[in-house]
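Quick mapping for you: the protein sequence lines, in order, are chains A and B.
Numbering of the first sequence is given in the working numbering, commencing with residue 167 and proceeding in unit increments.
Numbering of the second sequence is given in the working numbering, commencing with residue 130 and proceeding in unit increments.
A virtual CB, placed ideally from N, CA and C, is assigned to each residue, including glycine.
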Amino acid sequence: MIKPHRYCALGAEISSDLVLPELQASDSACDALVQIQQGDHGQWPSLEPSPHSTPTLRLAPQDWRLELEGIGWFRATGGERLEWQRWDDSVSDRDIRTFAVTSGLGALAIQRGALVLHGTALERDGEAILLLGHPVAGKSTLAWCLLQDGWRLLSSELVAVSPDGLVLPGMHQLKLWHDAAVALELNWSQLPPVRKGLKRYALLAQDLDCMSQPTPLRLIYALNRAKADSGQEDDAEAEDESEKISLKASDDFSQTTALMRLRNQAFHARMYRGMDAEAQLFMQAAALARTVPMHALIVPDEIKAMAESLKKVDLMQPESMQQRTEATAEDASND
Amino acid sequence: MTEEHSYWYLASYPKSGNTWCRVFITELMRLAGDNPGEELNLNQDIETGAIASSRLWLDDQLGINSCDLSFSELDPLRGGAGASAWLFAEGERFHKVHDAFKSPDSHGRPVVSTTGCSGVVYILRHPEDVAVSLSHFYSWPLDRCVASLLDPNAALVQGERFGGRQVRQYMGRWDQHVSSWCDQNQLPVLIMRYEDMLAKGLETFTKLAIFLGLPNDENLILQALENTSIDRLKKLEDDVGGFAEKPAKCERFFRSGRTGEGAERLTLDQRIRLAKGLSDAMTRFDYGEDVDA
């Protein structure tokens, strides 16, 4: 029997029959809390699905199932076990792990009671910032720029925060779209695609500076992408050309706004609801909103402008950035 | 599926009157409501429903990051997404769609959910006028717009190299798009010609209101039509400082609204190409007049 691979991510020791280069390897001798292994979806017990289920996503308390046609079946149970099965032999390990380490591990972390958010977290000088935003908000591009400036990656795509406010190391991988890779002058032809055929590339831990220790969360930024050629995000400041080329931070959100924003950025709110964990989400988000300040961060849409503007500010110091009006900050909280 | 959760599609090739139709529905419901005092606000009130190609919506339904799937992998999944009572956010019942009903990648299935759907309003407009409107909207030369209407692979793609907030919307050739919706038999369909919405407003919009189960009192329809005339919409667009669905380079979303611009602006060659390439559908919907080949 092949010895399973060991990792540590989202606060759990993991034993896996898949190689998962997105996760931090572990040499811990203690028993793994989470098992990732191949299963047979035909053997899974029938489920009384929550009304929040969809044809793709079947949900019940402590039971999460994903059926992705053409790719495979996944099941996370009890916060401890993630099973996967290929759709057919054409499905690669990379296809499987793409969904296992994101939605699958996220579901397990929710089952274990963690606060899991759509975001990317980075560390510098022992403190963490969290960039919140949905896919295509620009988190990974911004994170790559920060990594060039001495920051270390804690987790991308999904971020777990412990009850005592620590960001737990998670996904040590950045996914960059082709256009971002070109704008950042990366040698994209040498980068592996996230999955075969996608014009989106994976930068794995070996190519990134990653942080392996849980890190206190100091600041949260809710990302808003300013449109390069439109005034739509700009509101009253539409005339201000610097809007399009510089990073801006708002004043602190009110706790209520921060709470709403955290709830909106939960890693798949539907999963929380379908697994009966919405009360847990609310309590944890409220606690985080009380203790960690949140600002809107208006990011230039144009990638080179984003990279340039980062050199002029310190993300640990929101006041180092041009301020946004409170009204706009509240707008930015509006998904 | 209860009546409360029923939903409808407003489907069209782009620039065919879909937005006008949504604004009309919004206005009709506002007028029929308890407090019709305030004027319609284009950007706040037009949220009748999410566009079916929204990436955020798909991510929520599928439980994954849809950026990790190719467009051809997504198309067969899209029709299954949302086949439940929890389809769209509460209160959002009319959903804009620019996709053709099926795509070459969708394994013969619709790219939109049909479960629980009450029906589709399909809006079509003379392809010559669509070409002119596309040209203004996307700042494209007219010839490119004509070619796009004739392209069997035409699709709205924000980008497969940078993500985008919507997934690819396959449209195909204009006549394929029309036929994909008008000839499908999975959803009840009301076909509305833009030209009839303009020339026979009361009759056409009354049929729409009846089809959607909305109030259809003649005075309400006439008032809603008056409030959503092109001149009123232009004023409302000015009032909100630009309609949110307008691309940056496009001067204004609500521009002329009239018919026949294509015949004036397109060259004879461009008109003939459209007439030849799209002849069956154009004849079927009375768009086949007097272009000399």
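Below-8 Å beta-carbon distance, residue i vs any chain A residue
i, result
"Cys87(B)", "The requested residue 87(B) is not part of the displayed model; chain B covers only 130 to 422."
"Arg207(B)", "no"
"Ile193(B)", "yes"
"Phe291(B)", "yes"
"Lys234(B)", "Residue 234(B) is actually Asp in this sequence, not Lys. Closer than 8 Å: no."
"Gln190(B)", "yes"
"Leu160(B)", "no"
"Leu185(B)", "yes"
"Glu202(B)", "yes"
"Ser199(B)", "yes"
Classification of residue i by the beta-carbon crowding that lies within 10 angstroms, buried from 16 upward
i, result
"Asn314(B)", "exposed"
"Gln450(A)", "buried"
"Asp204(B)", "buried"
"Val185(A)", "exposed"
"Gln209(A)", "exposed"
"Arg427(A)", "buried"
"Met482(A)", "exposed"
"Ile339(B)", "exposed"
"Thr220(A)", "buried"
"Gly96(B)", "Nothing in the structure corresponds to residue 96(B), since chain B is present only between 130 and 422."
"Lys477(A)", "exposed"
"Glu257(B)", "buried"
"Asp395(A)", "At Asp395(A), the pLDDT of 43 sits below 50, so the modelled position is not reliable; the number obtained from the coordinates is stated separately. With fewer than 16 Cβ atoms within 10 Å of its Cβ, Asp395(A) is classed as exposed."
"Glu399(A)", "Annotation note: pLDDT 37 at Glu399(A) (below 50); position unreliable, no value reported."
"Leu397(B)", "exposed"
"Ser306(A)", "buried"
"Pro484(A)", "buried"
Nearest candidate by alpha-carbon position, reference residue i, set the options
i, options, result
"Val327(A)", "His300(A), Leu283(A) and Glu474(A)", "Leu283(A)"
"Asp291(A)", "Thr381(A), Ser355(A) and Ile237(A)", "Thr381(A)"
"Val250(B)", "Cys196(B), Val318(B) and Leu191(B)", "Val318(B)"
"Lys362(A)", "Ser199(B), Glu366(B) and Lys329(B)", "Ser199(B)"
"Leu374(A)", "Gly177(A), Cys174(A), Ser258(A) and Pro187(A)", "Pro187(A)"
"Glu235(A)", "Glu202(B), Arg222(B) and Leu349(B)", "Glu202(B)"
"Ile527(A)", "Gly285(A), Arg366(A) and Lys477(A)", "No answer is possible for residue 527(A): it lies beyond the span of chain A, which begins at 167 and ends at 501."
"Ser378(A)", "Ile262(A), Ala303(A) and Ala178(A)", "Ala178(A)"
"Ala388(A)", "Leu176(A), Gly304(A), Lys470(A) and Gln201(A)", "Gly304(A)"
"Cys196(A)", "Gly316(A), Gln190(A), Ala462(A) and Arg172(A)", "Arg172(A)"
"Leu337(B)", "Met321(B), Ala328(B), Leu403(B) and Asp197(B)", "Met321(B)"
"Ala424(A)", "Arg252(A), Phe265(A) and Ala452(A)", "Ala452(A)"
"Ala284(B)", "Pro233(B), Glu332(B) and Asp368(B)", "Pro233(B)"
"Ser182(B)", "Leu407(B), Trp137(B), Val241(B) and Tyr267(B)", "Val241(B)"
"Ser412(A)", "Pro466(A), Ser306(A), Gln201(A) and Lys169(A)", "Pro466(A)"
"Asp346(B)", "Ser262(B), Ser135(B), Ala229(B) and Leu160(B)", "Leu160(B)"
"Ala276(B)", "Asn356(B), Arg400(B), Leu185(B) and Lys144(B)", "Arg400(B)"
C-beta neighbour in chain B for residue i, strict 8 Å
i, result
"His338(A)", "no"
"Gly245(A)", "no"
"His207(A)", "no"
"Glu188(A)", "no"
"Val200(A)", "no"
"Pro466(A)", "no"
"Ala416(A)", "According to the sequence shown, residue 416(A) is Ser rather than Ala. Not one chain B Cβ lies under 8 Å of Ser416(A)."
"Gly363(A)", "yes"
"Gly279(A)", "no"
Under 8 Å between C-beta atoms of residue i and residue j
i, j, result
"Gln203(A)", "Gly245(A)", "no"
"Met437(A)", "Gly208(B)", "no"
"Ile464(A)", "Arg384(A)", "no"
"Leu281(A)", "Leu454(A)", "yes"
"Val259(B)", "Leu271(B)", "no"
"Leu354(B)", "Gly330(B)", "yes"
"Arg247(A)", "Arg231(A)", "no"
"Thr268(A)", "Glu323(A)", "yes"
"Asp418(A)", "Pro358(A)", "no"
"Tyr299(B)", "Arg254(B)", "no"
"Trp343(A)", "Phe291(B)", "yes"
"Pro344(B)", "Leu157(B)", "yes"
"Ala275(A)", "Trp250(A)", "no"
"Cys246(B)", "Trp137(B)", "yes"
"Gly146(B)", "Met326(B)", "yes"
"Ala368(A)", "Val360(A)", "yes"
"Ala175(A)", "Pro329(A)", "no"
"Thr222(A)", "Leu185(B)", "no"
Closer than 8 Å to chain D by CB, residue i
i, result
"Ala210(B)", "Of the protein chains in this structure, namely A and B, none is chain D."
Near the ligand MN: residue i beta-carbon under 7 Å from a heavy atom
i, result
"Val465(A)", "As presented, the structure is devoid of all ligands, the ligand MN included, so that no description of it is given."
Which runs of the alpha helix (DSSP H) spanning at least 4 residues fall entirely within the stretch 265–322 of chain A, listed in chain order? Secondary structure within the stretch 265–322 of chain A: the alpha helix (DSSP H) runs of 4 or more consecutive residues, fully enclosed, are 271–277 and 305–313 (chain order).
May I have a chain-ordered list of the alpha helix (DSSP H) segments no shorter than 4 residues that lie completely inside the stretch 443–489 of chain A? Listed in chain order, the complete alpha helix (DSSP H) runs (minimum 4 residues) inside the stretch 443–489 of chain A are 444–457 and 469–476.
Every unbroken alpha helix (DSSP H) within the stretch 260–296 of chain B, with a cutoff of 4 residues, ordered by chain: 271–278
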